[in-house]
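Enquirer:
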Amino acid sequence: MKILQILRRKFSSSQIRSTATPSLSSPFFYRQLYSSSNPASFGVAFDIDGVLLRGSNPIGGSPRALKRFYDASGTLKVPYVFLTNGGGVPESKRAKELGSLLDVNILPLQVIQGHSPFKQLVRRFENELVVAVGKGEPAEVMSEYGFKDVLSIDEYASYFDNIDPLAQYKKWTDKQDGNQSSKSKHIALSNDPCSQRVAAVFVASDSVDWSRDIQVLCDILRTGGLPGKEIAHQPPLFFANDDLAYQALFPSERLGMGAFRIAVESVFNAIHPAALKYTSYGKPNPSVFKNAETVLMHVLQSCHNNNQVDGRKQLFKTLYMIGDNPSVDIKGARQAGSPWFSILTRTGVFKGKENHDDFPADLVVDTVEEAVDYILSKECIS
Ligand SMILES: [Mg+2]
Numbered sequence: 039m040k041i042l043q044i045l046r047r048k049f050s051s052s053q054i055r056s057t058a059t060p061s062l063s064s065p066f067f068y069r070q071l072y073s074s075s076n077p078a079s080f081g082v083a084f085d086i087d088g089v090l091l092r093g094s095n096p097i098g099g100s101p102r103a104l105k106r107f108y109d110a111s112g113t114l115k116v117p118y119v120f121l122t123n124g125g126g127v128p129e130s131k132r133a134k135e136l137g138s139l140l141d142v143n144i145l146p147l148q149v150i151q152g153h154s155p156f157k158q159l160v161r162r163f164e165n166e167l168v169v170a171v172g173k174g175e176p177a178e179v180m181s182e183y184g185f186k187d188v189l190s191i192d193e194y195a196s197y198f199d200n201i202d203p204l205a206q207y208k209k210w211t212d213k214q215d216g217n218q219s220s221k222s223k224h225i226a227l228s229n230d231p232c233s234q235r236v237a238a239v240f241v242a243s244d245s246v247d248w249s250r251d252i253q254v255l256c257d258i259l260r261t262g263g264l265p266g267k268e269i270a271h272q273p274p275l276f277f278a279n280d281d282l283a284y285q286a287l288f289p290s291e292r293l294g295m296g297a298f299r300i301a302v303e304s305v306f307n308a309i310h311p312a313a314l315k316y317t318s319y320g321k322p323n324p325s326v327f328k329n330a331e332t333v334l335m336h337v338l339q340s341c342h343n344n345n346q347v348d349g350r351k352q353l354f355k356t357l358y359m360i361g362d363n364p365s366v367d368i369k370g371a372r373q374a375g376s377p378w379f380s381i382l383t384r385t386g387v388f389k390g391k392e393n394h395d396d397f398p399a400d401l402v403v404d405t406v407e408e409a410v411d412y413i414l415s416k417e418c419i420s
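Okay, here's the thing in C-alpha cells:
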C-alpha cells in the first residue's frame with residue numbers, strides 16, 4: 039500500500055485531476071502512470087544470492103519487494119532483471135524456479151546469469167566438441183545456447199578409464215554415472231570423445247569435484263584437448279565468474295568459482311611451462327552491466343507490448359544495482375558509471391554498520407525491501 043500512497047502524491051494534482059479518479063489498484067491507474075509518453079525512466083538489477091535468496095529461502099522481504107513492480111493483475115510495470123554470477127541451469131528453467139520461490143511471474147529474458155555471455159561464443163565453437171564444467175546442468179545450458187557438440191565434464195571423464203585415480207573412493211560417482219539418458223543423447227552427437235579434440239572448456243557453475251575437475255582440466259588444457267597425448271597448445275578456457283566467495287546457507291562465506299580458478303591456475307602453472315590463459319565473465323566486469331542495460335531495454339519494451347518505447351530514443355536516467363557483495367556488485371556498478379546507482383544490502387556478504395571502505399555504495403540498506411522502498415520513493419516523489 040505504501041507505493042500506492044507514494045504514487046497518489048505524485049499524480050494527485052495534474053495527471054489524474056481531469057478524469058474520474060480510478061481505484062489505485064486498477065489496471066487503468068497503472069496505464070495512466072506508465073503511459074506511452076512516460077515509460078519508466080529507470081530500471082533495476084537484482085543480485086540473487088544474499089539479496090533475494092539465501093539458498094532457496096527468500097530473505098529481506100524479497101517477495102513483497104518484487105510484487106511492487108507489478109500491477110494488480112500481475113503485469114510487470116517496472117523493468118527489472120536478475121543479474122547474478124550464479125548459474126548451472128538454463129535461464130528458462132531458472133526463471134521458473136525464481137518465479138515459484140519469489141511468487142512472481144518471471145520471463146527468461148529477465149534472468150542474466152554468469153554464463154549468459156557464453157551464448158556470444160556459439161558461432162566460434164558451434165560444431166566443435168566443448169566441455170562444460172559445474173554443478174547442475176552445464177551441458178544443457180550450453181545446448182540451449184546453441185552449442186551442438188557439448189559434454190559435461192562428468193560425461194567426458196566417464197569415457198576415459200582411470201582418468202581420476204580417486205574415483206573409487208567417491209561415494210557419489212555411481213549415482214552420477216546412472217544418468218544414462220543425458221549421456222546417450224550426447225553420444226549421438228559426438229564421435230569418440232577420447233579421440234576427438236576438445237576445442238574449448240566452459241566453467242559454467244561451481245565445480246562439484248575439485249580434485250577430478252582440476253585433473254581433467256589440466257589433462258585437456260596441456261594436450262591441446264586430447265588427454266593422455268603429448269603436450270600441445272592450450273585450448274581456450276572460459277569462466278562464468280571470478281567470485282572468490284559467496285554467501286550461501288552456512289553463516290560464513292563459501293569458496294566460489296574464483297577460488298576454483300586460482301586452484302586450477304596454480305596447479306596448471308606448476309606443471310606446465312606456459313602460464314594458463316583464461317577469460318572470466320560475470321560481475322564486476324563492465325560489459326556485464328552494459329549488457330544488463332540492453333536487456334533492461336528489451337524488458338521495458340515487453341512491458342509496453344513492444345510498441346510504445348523507442349529504444350533508440352529512450353535512455354534510462356537511472357539504473358539501480360542492488361547487491362550484497364561490495365567487490366562484485368558495488369565495484370561493478372561503480373566501474374560501469376552513469377547511469378548506474380549502487381545499493382548495498384546487509385543480508386549477505388556485507389554485514390558492516392557503515393559503508394564498505396574499498397567499494398562504498400551510493401546507498402546502504404538493511405534489506406532489499408528497503409532498497410525498493412527507496413527507489414520507488416525517489417522515482418515517484420522527487
Ligand atoms: Mg550475492
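Under the working numbering, think of the first position of the sequence shown as 39, with each following residue one higher.
C-beta atoms are modelled at their ideal positions from N, C-alpha and C, and glycine is treated no differently.
(1) Please report how far the alpha carbon of Cys418 lies from the alpha carbon of Tyr316, in whole angstroms.
(2) Should Val387 be counted as a contact of ligand 1 given a C-beta to heavy atom distance under 7 Å?
(3) Which of the three DSSP states is assigned to Asp87 in this structure?
(4) Please tell me whether Ala242 and Val171 are closer than 8 Å, where the distance is taken between their beta carbons.
(5) Would you check whether ligand 1 has a heavy atom nearer than 7 Å to the C-beta of Gln285?
(6) Return yes when at least one heavy atom of ligand 1 lies under 7 Å from the C-beta of Val89, else no.
(7) Can you pull the DSSP bridge partners for Pro96?
(8) Is the beta carbon of Val188 closer than 8 Å to that of Ala177?
(9) For Ala237, name the three-state secondary structure that DSSP assigns.
(10) Extract the residue ranges of the alpha helix (DSSP H) inside the stretch 260–313, only unbroken runs of 4 or more that lie entirely within it.
(11) Considering only the beta carbon of each residue, do Arg281 and Val179 sit closer than 8 Å?
(12) With DSSP run on the structure shown, which of helix, strand or coil describes Trp378?
(13) Can you tell me whether Leu287 is buried or exposed, with buried defined as 16 or more other CB within 10 angstroms of its CB?
(14) From Ala133 to Lys208, what distance separates their C-alpha atoms?
(15) Does the stretch 94–114 touch the stretch 364–382, meaning 3 or more C-beta pairs lie closer than 8 Å?
(16) In the structure shown, what three-state DSSP assignment does Tyr194 receive?
(17) Rounding to the nearest angstrom, what Cα-Cα distance links His84 and Ser94 in this structure?
(18) With DSSP collapsed to three states, give me the class of Phe163.
(19) From the DSSP output, which residues share a beta bridge with Tyr108?
(20) In chain order, what residues of the same chain have a beta carbon less than 6 Å from the beta carbon of Leu259, not counting five sequence neighbours either side?
(21) How many angstroms separate the CA atom of Thr59 from the CA atom of Ile413?
(22) Excluding sequence positions up to five away, which residues of its chain have a Cβ less than 6 Å from the Cβ of Asn217?
(23) Can you grab the Cα-Cα spacing for the pair Leu357 / Pro322, in whole Å?
(24) Using a threshold of 7 Å, is the CB atom of Asn363 nearer than that to any non-hydrogen atom of ligand 3?
(25) For Pro324, I'd like the list of residues in its chain whose CB is within less than 6 Å of its CB, leaving aside the five on either flank, ordered along the chain.
(26) Under a three-way DSSP split, which group does Tyr316 fall into?
(27) Do Trp248 and Phe34 have their beta-carbon atoms positioned less than 8 Å apart in this structure?
(28) DSSP beta-bridge partners for Met359?
(29) Please classify Asn165: is it buried, with 16 or more other beta-carbons within 10 angstroms of its beta-carbon, or exposed?
(30) Tell me, please, whether the stretch 109–124 touches the stretch 402–409 by the rule of three or more beta-carbon pairs shorter than 8 Å.
(31) Which whole-angstrom value is the C-beta distance of Gly88 and Gly125, which I expect to be below 8 Å?
Expert: Considering the structure as presented:
(1) Working through the sequence shown from its first residue, we reach residue 418 at position 380. Working through the sequence shown from its first residue, we reach residue 316 at position 278. Those two C-alpha atoms are separated by around 45 Å.
(2) In the sequence shown, residue 387 corresponds to position 349, counting from 1. Result yes, Cβ under 7 Å from ligand 1.
(3) Within the sequence shown, residue 87 is the residue found at index 49, counting from 1. If DSSP states are grouped into helix, strand and coil, Asp87 belongs with the strands.
(4) Position 204 of the sequence shown, counting from 1, holds the residue named residue 242. Position 133 of the sequence shown, counting from 1, holds the residue named residue 171. Yes, Cβ-Cβ distance for Ala242 and Val171 is below 8 Å.
(5) Counting from 1 along the sequence shown, the entry for residue 285 is found at position 247. True, at least one ligand heavy atom lies under 7 Å from that Cβ.
(6) For the purposes of this step, residue 89 is taken as residue 51 along the sequence shown, with counting starting at 1. Under cutoff, so the answer is yes.
(7) Numbered from its first residue, the sequence shown carries residue 96 at position 58. Answer is Leu91, bridged to Pro96.
(8) Here residue 177 refers to the residue found at position 139 of the sequence shown. Here residue 188 refers to the residue found at position 150 of the sequence shown. Result yes, Cβ atoms of Ala177 and Val188 sit closer than 8 Å.
(9) By 1-based counting over the sequence shown, the position of residue 237 is 199. Of the three classes helix, strand and coil, the one that applies to Ala237 here is coil, per DSSP.
(10) 295–309
(11) Position 243 of the sequence shown, counted from the first residue, corresponds to residue 281. Position 141 of the sequence shown, counted from the first residue, corresponds to residue 179. Note on identity: in this sequence residue 281 is Asp, with Arg being the wrong assignment. Not closer than 8 Å, so no.
(12) Within the sequence shown, the letter at position 340 stands for residue 378. The answer is strand: DSSP assigns Trp378 an E or B state.
(13) For the purposes of this step, residue 287 is taken as residue 249 along the sequence shown, with counting starting at 1. Result: exposed.
(14) Reading the sequence shown from its first residue, position 95 is the one you call residue 133. Reading the sequence shown from its first residue, position 170 is the one you call residue 208. Whole-angstrom Cα-Cα distance: 33 Å.
(15) no
(16) The residue given as residue 194 occupies position 156 in the sequence shown. Residue state, collapsed to three classes: helix.
(17) Stepping through the sequence shown from its first residue, residue 84 is reached at position 46. Stepping through the sequence shown from its first residue, residue 94 is reached at position 56. Looking at the sequence itself, residue 84 is Phe, so the reference to His does not match. So the alpha carbons of these two residues sit roughly 16 Å apart.
(18) Against the sequence shown, residue 163 aligns to sequence position 125. Residue state, collapsed to three classes: helix.
(19) Taking the sequence shown and counting its residues from 1, one reaches residue 108 at position 70. DSSP output for Tyr108 lists Leu114 as bridge partner(s).
(20) As a working note, residue 259 is residue 221 in the sequence shown. Cβ neighbours of Leu259 beyond the five flanking positions: Gln272.
(21) Position 21 of the sequence shown, counted from the start, is the residue given in the question as residue 59. Position 375 of the sequence shown, counted from the start, is the residue given in the question as residue 413. In this prediction, Thr59 scores a pLDDT of 33, lower than 50, which makes its location untrustworthy; the coordinate-derived value is nonetheless stated afterwards. Roughly 25 Å separates the two Cα atoms.
(22) The residue you call residue 217 lines up with position 179 of the sequence shown. With a pLDDT of only 48 at Asn217, under the threshold of 50, the placement of this residue in the model should not be trusted, and no figure is reported.
(23) Taking the sequence shown and counting its residues from 1, the one referred to as residue 357 is at position 319. Taking the sequence shown and counting its residues from 1, the one referred to as residue 322 is at position 284. Approximately 15 Å, taken between the alpha carbons.
(24) Among the ligands in the structure shown, ligand 3 does not appear; only ligand 1 can be found there.
(25) What you label residue 324 is simply residue 286 of the sequence shown in a count that begins at 1. Correct list, in chain order: Gln373 and Ala374.
(26) Position 278 of the sequence shown, counting from 1, holds the residue named residue 316. The answer is coil: DSSP assigns Tyr316 none of H, G, I, E or B.
(27) In this structure the chain extends from 39 to 420, so residue 34 is not present and cannot be described.
(28) Here residue 359 refers to the residue found at position 321 when the sequence shown is read from its first residue. Its beta-bridge partners are Ala83 and Ser380.
(29) As a working mapping, residue 165 is identified with position 127 in the sequence shown. So Asn165 counts as exposed.
(30) no
(31) On the sequence shown, position 50 is the one that residue 88 refers to. On the sequence shown, position 87 is the one that residue 125 refers to. 16 Å between Cβ atoms; not a contact.
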